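Sequential numbering of the sequence shown, starting at 1, is according to full-length UniProt numbering. What follows is a single structure, written as structure tokens, with notes after it.
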Amino acid sequence: MPEPDNPPLNLIKQLVSIGHEDVVKELATFKVELDRYARKTIGQPLLNDIGDNDRGTCALHPNSFMAVLIPFLNWEDQNGQAYRAFVDPKHIIGASIKGHPENVPPEEVVNRIERYATYFGSRDNAFYVWYKPLGLFIAHEGKHRVAFMRSHDQPAIAAWVQEAGYPAPSRITIIEPSDKRDEWLAMLDGRYIQVLRRPNIARKILDAYGVKTTSWQNIDHLPDEKMVRLAIYERRLHRPARTRKEIDRTLDLQALLDRMSTDSQEQYFHCHNLGPYRLDWKRNILTVACLLIAGGLFVMFNDEWVIRAGIGLLGLATGIILSHELMRFKGPKKLRTLNTLDRNHL
């Protein structure tokens with residue numbers, strides 16, 4: 001295909017701190033090493049556990065791998081125009097799915113290095129999404145050449161690059177759980193909550209990025225932590241995600257507050273509306289029937305006191321019947337109890 005008029009950019013040097021770059025390089029190296037466990041008896045199940053994929057049969061796809069590690073990874077838009085650039089393979093999260101560098105025949109190595117280093121072709125050859133604030137690239141096409149070029153100490157890969165944003169460090173907060181058995185959380189813009197699926201790695205990456213860590217109690221104007229965690233468990237956001245949509249694995253605190261406000265609005269109930277509790281109608285009917293029968297028999301006697309007792313029993317039966325409609329209870333629309341935070345749900 002014809003080459004575009006604009007010359008390729010040099011993205012070998014990342015505009016991040018040295019400490020941040022070191023973390024990115026170590027993460028990229030870790031992914032290369034991790035790929036070697038694919039298709040092995042114990043290695044593949046390990047990869048599946050890391051990537052939250054019970055059916056995986058090969059190395060983890062870079063995008064799926066990073067989505068498990070970094071919260072809000074695809075929150076920002078990535079609709080920019082792709083362009084050609086030279087990228088340091090040490091900054092790229094790739095994947096060795098169908099082989100490793102040593103599987104390339106020796107007679108092909110030189111030609112392959114030259115092609116990967118100079119030939120851009122189309123996006124079907126090498127296409128990397130550049131999370132510019134994080135200083136890392138995620139390979140969508142051209143995943144195998146990452147490990148290959150690293151193994152031969154090559155400084156750059158010729159690739160098509162598309163930029164993607166990521167929230168600034170000041171917008172994100174890592175929240176340490178009050179109970180050590182609970183999940184670590186990440187909060188965006190003081191409103192959106194995601195569970196850190198791999199908290200120790202995520203904290204290393206985000207800490208190098210400049211994200212601060214705090215506890216729930218140190219953040220003002222937040223709902224009760226236990227209620228938030230209950231909402232997380234109800235939506236199963238603490239479990240492996242079945243979608244790549246960020247909104248589907250995010251808890252909106254404002255929506256939660258609105259729902260809690262609606263649920264707490266008072267309304268009136270009759271005794272037969274107090275779900276999940278139900279009136280024991282058999283016992284109730286039996287009681288009323290006994291009172292009516294006894295009252296009816298008593299009023300048939302000639303003794304004044306017995307007649308009065310019968311009238312009293314009839315009145316009592318009538319009162320029980322009417323109480324079902326006359327008695328009203330007032331309370332919130334939806335009852336919630338913190339006792340439902342059973343550890344079996346974790």
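Where a beta carbon is used, it is the ideal one built from N, C-alpha and C, also for glycine. All values reported here derive from a predicted model rather than from experimental measurement.
Select from the options the residue whose C-alpha is nearest the C-alpha of residue i.
i	options	result
HIS140	ILE247, GLY19 and PRO62	PRO62
ASN284	ILE320, ASP220, ARG249 and GLY19	ILE320
ASP54	ALA241, MET300, GLU26 and ILE311	ALA241
THR243	ASN200, GLY51, PHE86 and VAL306	GLY51
LEU292	TYR209, LYS282 and ILE311	ILE311
ASN79	GLY296, VAL228, GLY165 and PHE298	GLY165
GLN81	GLU163, ALA59, ARG308 and ALA309	GLU163
GLU108	ASN74, HIS152 and TYR128	HIS152
ILE219	ARG36, GLU246, LYS245 and ASP189	ASP189
ARG203	ALA126, PRO223, LYS143 and PRO169	PRO169
ASN200	ALA231, LYS245 and GLU183	GLU183
ILE138	LEU60, TYR119, TRP305 and LYS212	LEU60
TYR37	PRO7, LEU9 and ILE97	ILE97
GLU76	TRP130, PRO7 and GLY121	TRP130
ARG259	MET227, PHE120 and MET149	MET227
LYS294	ASN302, LYS282 and ALA309	According to the sequence as given, residue 294 is Ala; it is not Lys. Considering only alpha carbons, the answer is ALA309.
LYS40	LEU27, VAL32 and THR57	THR57
GLU102	GLY121, MET149 and ILE93	MET149
PRO8	PHE120, GLN217, ASN48 and ASN111	PHE120
GLU176	ARG145, LYS212 and ASP248	LYS212
Could you compute how far the alpha carbon of residue i sits from the alpha carbon of residue j?
i	j	result
ALA95	ALA159	15 Å
LEU34	PHE65	11 Å
HIS100	GLY19	29 Å
VAL68	LEU134	16 Å
PRO167	ILE42	36 Å
LEU257	ARG236	18 Å
SER178	ILE12	42 Å
PRO71	ALA186	7 Å
TYR233	GLY315	50 Å
ILE307	ALA317	15 Å
ILE174	ASP22	21 Å
GLY142	LEU73	21 Å
GLY296	LEU286	15 Å
THR118	ARG84	11 Å
PRO105	GLU246	42 Å
LEU346	ASP224	The predicted position of LEU346 is uncertain, since its pLDDT is 40 and thus under 50; no value can be drawn from it.
TYR209	TYR128	21 Å
ASP124	LEU253	40 Å
ASN344	ARG229	For ASN344, the predicted structure reports a pLDDT of 43, less than 50, and the residue's modelled location is therefore unreliable. A value from the coordinates is still provided. Each residue's Cα considered, the two are about 14 Å apart.
LYS25	ILE113	21 Å
VAL299	TRP305	9 Å
From the DSSP secondary-structure annotation, give me the bridge partner or partners of residue i.
i	result
MET300	MET300 is not bridged to any residue.
MET66	BP columns for MET66 are empty, so no partner.
ASP252	TYR192
ASN10	PHE86
PHE137	ILE92 and TRP130
Inset, instruction - State whether the stretch 192-199 contacts the stretch 17-31, with contact taken as three or more CB pairs (one from each stretch) at a distance under 8 Å. - result: The stretch 192-199 makes no contact with the stretch 17-31, as fewer than three CB pairs between them are under 8 Å.
Legend entry - the stretch 149-169 / the stretch 75-94 touching (three or more Cβ pairs under 8 Å): Touching, yes.
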